[in-house]
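Participant: Here it is, the structure, as structure tokens.
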Amino acid sequence: MTTIERLASVTSSRPGRLLAGAQLAASLGDGAFLTCSVLYFTRVVGLTPGQVGLGLTLGWAVGTVAGVPLGHAADRRGARSAAVLLSVATGLAITAFLFAGSAWTFTLAACCYATGQCGVGAVRQALLAAVAEPQQRTRIRAYLQSAGNAGLAVGAGLGGLALLADTRGAYVAAFSLDAAAFVVSAVLLRLLPAVAPVPRVKGEPALAVLRDRPYAFVTLLNAILLLRMPLLSVAIPLWIVSRTAAPEWTVSALFVLNTIVVVLGQVRVATRVTGLRSATRLVRHSGVLLAASCVTFALSAAGSSATVAVAVLVAGALLQVLGEMLQSAGTWEIGFDLAPAARQGQYQGFFGTGTSVARMAGPALLSTVVVQWGTPGWLLVGAVFVAAGWAMGPAVRWAGQRR
112 MTTIERLASV TSSRPGRLLA GAQLAASLGD GAFLTCSVLY FTRVVGLTPG QVGLGLTLGW
172 AVGTVAGVPL GHAADRRGAR SAAVLLSVAT GLAITAFLFA GSAWTFTLAA CCYATGQCGV
232 GAVRQALLAA VAEPQQRTRI RAYLQSAGNA GLAVGAGLGG LALLADTRGA YVAAFSLDAA
292 AFVVSAVLLR LLPAVAPVPR VKGEPALAVL RDRPYAFVTL LNAILLLRMP LLSVAIPLWI
352 VSRTAAPEWT VSALFVLNTI VVVLGQVRVA TRVTGLRSAT RLVRHSGVLL AASCVTFALS
412 AAGSSATVAV AVLVAGALLQ VLGEMLQSAG TWEIGFDLAP AARQGQYQGF FGTGTSVARM
472 AGPALLSTVV VQWGTPGWLL VGAVFVAAGW AMGPAVRWAG QRR
């Protein structure tokens with residue numbers, strides 16, 4: 112049974128298939144785009160790596176700030192309409208990259224792209240909250256995550272073909288695929304049931320989430336745990352090539368391993384979530400597993416045997432992906448359950464800033480702490496994961512009392 116078919120058995124078949132199809136389409140396009148975009152901007156457009164890095168950093172910073180007001184607008188205008196509009200806008204922003212010929216036009220396109228991505232990510236979560244029963248949200252979100260990872264894997268393969276060709280036409284085709292994928296995603300989302308807008312209560316602050324300190328603290332802890340993302344995509348590759356005897360292909364092998372395990376295991380892990388108590392327990396356990404992976408990665412630098420180094424790295428990657436799945440399932444439940452039903456858009460937009468913050472701050476922070484400091488750096492990062500995972504329980508209880 113496929114991911115989409117299983118999702119259809121969890122919720123009503125039509126919304127299930129549409130949500131999973133929209134997620135799969137967008138992720139497939141993103142996989143192709145992310146695989147080859149940096150080389151297009153440097154080799155074809157002629158930007159320097161520094162200009163690309165700065166433009167993307169500014170873009171994600173703008174997108175992070177825009178997530179909450181866009182989520183608030185979705186609450187007031189209807190989540191389905193907002194999701195459709197933002198999906199189309201993201202597709203247009205991807206097309207705009209093809210017309211960027213300088214650093215400033217690239218940065219402008221990057222701001223539009225990141226705003227669309229952050230906005231549609233928040234609104235899709237609000238849409239899920241609106242069309243699914245509360246006790247099913249986390250499980251459905253796990254199916255969507257599995258579908259998304261599968262789409263990223265297929266898209267990355269298509270992007271790899273563009274890299275192999277290494278021509279402007281091949282890169283344009285990859286970008287066009289991503290833009291078209293978001294249009295397809297918009298069409299599928301448009302077929303979902305309409306979500307009625309929530310009227311604003313007189314005297315209520317427009318962006319109430321910004322005054323919700325317990326929820327902000329929960330979001331901060333989630334952002335710390337989400338440092339596992341740049342840990343896998345930035346720190347570990349640098350660690351492998353600079354500190355271990357493992358061959359360079361190990362980097363790709365660990366990415367493939369992570370993708371396969373998430374596709375096959377995320378749904379099973381999500382079935383262990385039955386409420387806030389079980390969710391916080393999973394997050395606490397995830398901190399321990401992520402810390403154990405850090406210790407294992409540190410051990411991979413010992414000795415000069417490539418075979419041993421690869422084996423230790425695979426063990427660390429398995430611990431890491433198990434921690435990732437526990438953390439994802441637990442925090443999805445927490446993010447949904449602690450958000451007021453009438454403000455899911457803005458609350459999901461705020462909760463989603465944890466991902467953007469981790470992506471912006473994580474690469475520089477982790478490459479310094481882990482790659483330059485070595486084993487002490489790994490131990491420090493592991494201790495931070497344990498502390499954040501443990502602190503999630505008291506933070507959730509505080510937020511529950513305030514709610």
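Going by this note's numbering, the first residue of the sequence shown is number 112, and it counts up by one from there.
Beta carbons are placed, not taken as given, at the ideal position from N, Cα and C, and that holds for glycine.
Here the structure is a predicted model, which is why all the values come from computation and not from measurement.
Give the range of the alpha helix (DSSP H) segment to which residue 360 is assigned.
Facilitator: Stepping through the sequence shown from its first residue, residue 360 is reached at position 249. Where residue 360 is concerned, the enclosing alpha helix (DSSP H) stretches over 360-381.
Participant: Please report the straight-line C-alpha distance between residue 347 and residue 163, rounded to a whole angstrom.
Facilitator: Along the sequence shown, one-based indexing puts residue 347 at 236. Along the sequence shown, one-based indexing puts residue 163 at 52. So the alpha carbons of these two residues sit roughly 22 angstroms apart.
Participant: Rounded to the nearest angstrom, what separates residue 427 and residue 350 at their Cα positions?
Facilitator: Indexing the sequence shown from 1 puts residue 427 at position 316. Indexing the sequence shown from 1 puts residue 350 at position 239. Distance between the alpha carbons of residue 427 and residue 350 is about 13 angstroms.
Participant: Three-state secondary structure (DSSP) at residue 496?
Facilitator: Working through the sequence shown from its first residue, we reach residue 496 at position 385. Helix.
Participant: Is there contact between the stretch 442-457 and the stretch 269-281, where contact requires at least three CB pairs shorter than 8 angstroms?
Facilitator: no
Participant: Report the start-end ranges of each alpha helix (DSSP H) in the stretch 172-216 that is 4 residues or longer and not cut off at the edges.
Facilitator: 190-208
Participant: Report back the beta-carbon spacing between residue 361 and residue 424 to the nearest angstrom; my notes put them in contact at under 8 angstroms.
Facilitator: As a position in the sequence shown, residue 361 is number 250, starting the count at 1. As a position in the sequence shown, residue 424 is number 313, starting the count at 1. Indeed, because the Cβ distance is near 6 angstroms, the residues count as touching under 8 angstroms.
Participant: Count the other CB atoms, across all protein chains shown, that sit within 10 Å of the CB of residue 353; report buried if there are 16 or more and exposed otherwise.
Facilitator: The residue given as residue 353 occupies position 242 in the sequence shown. By the 10 Å Cβ count, residue 353 comes out exposed.
Participant: Distance, Cα to Cα, residue 305 vs residue 191?
Facilitator: Position 194 of the sequence shown, counted from the first residue, corresponds to residue 305. Position 80 of the sequence shown, counted from the first residue, corresponds to residue 191. Their backbone Cα atoms lie some 6 angstroms apart in a straight line.
Participant: Could you check whether the Cβ of residue 320 sits closer than 8 angstroms to any heavy atom belonging to the ligand MG?
Facilitator: Among the components of this structure there are no ligands whatsoever, and the ligand MG is therefore not found.
Participant: Taking 9 angstroms as the threshold (C-beta atoms), are residue 462 and residue 446 in contact?
Facilitator: Along the sequence shown, one-based indexing puts residue 446 at 335. Along the sequence shown, one-based indexing puts residue 462 at 351. Their beta carbons are under 9 angstroms apart, which means residue 446 touches residue 462 by this criterion.
Participant: Report yes if the C-beta distance between residue 161 and residue 222 is below 9 angstroms; otherwise report no.
Facilitator: By 1-based counting over the sequence shown, the position of residue 161 is 50. By 1-based counting over the sequence shown, the position of residue 222 is 111. No; because the gap between Cβ atoms is not below 9 angstroms, this pair is not in contact.
Participant: Should residue 417 be labelled buried (16 or more other beta-carbon atoms within 10 Å of its own) or exposed?
Facilitator: Counting from one through the sequence shown, the residue named residue 417 turns up at place 306. Exposed is the call here.
Participant: Between the beta-carbon of residue 264 and the beta-carbon of residue 367, is there less than 9 angstroms?
Facilitator: For this step, residue 264 is matched to residue 153 along the sequence shown. For this step, residue 367 is matched to residue 256 along the sequence shown. In this structure, residue 367 lies closer than 9 angstroms to residue 264 by Cβ.
Participant: Around the Cβ of residue 379, are there at least 16 other Cβ atoms within 10 angstroms (buried) or fewer (exposed)?
Facilitator: Here residue 379 refers to the residue found at position 268 of the sequence shown. Exposed.
Participant: Any contact between the stretch 194-208 and the stretch 226-235? By contact I mean 3 or more CB pairs, one from each, below 8 angstroms.
Facilitator: Touching, yes.
Participant: Residues in its own chain within less than 8 angstroms of residue 267 by CB, not counting five upstream and five downstream?
Facilitator: One-based indexing of the sequence shown puts residue 267 at position 156. Excluding its 5 nearest sequence neighbours in each direction, residue 267 has C-beta neighbours in its own chain below 8 angstroms: 142, 143, 145, 146, listed in chain order.
Participant: Taking the alpha-carbon positions, what's the residue 235 to residue 337 distance?
Facilitator: On the sequence shown, residue 235 is found 124 positions in, with the first residue counted as 1. On the sequence shown, residue 337 is found 226 positions in, with the first residue counted as 1. Rounded to the nearest angstrom, the two C-alpha atoms are 20 angstroms apart.
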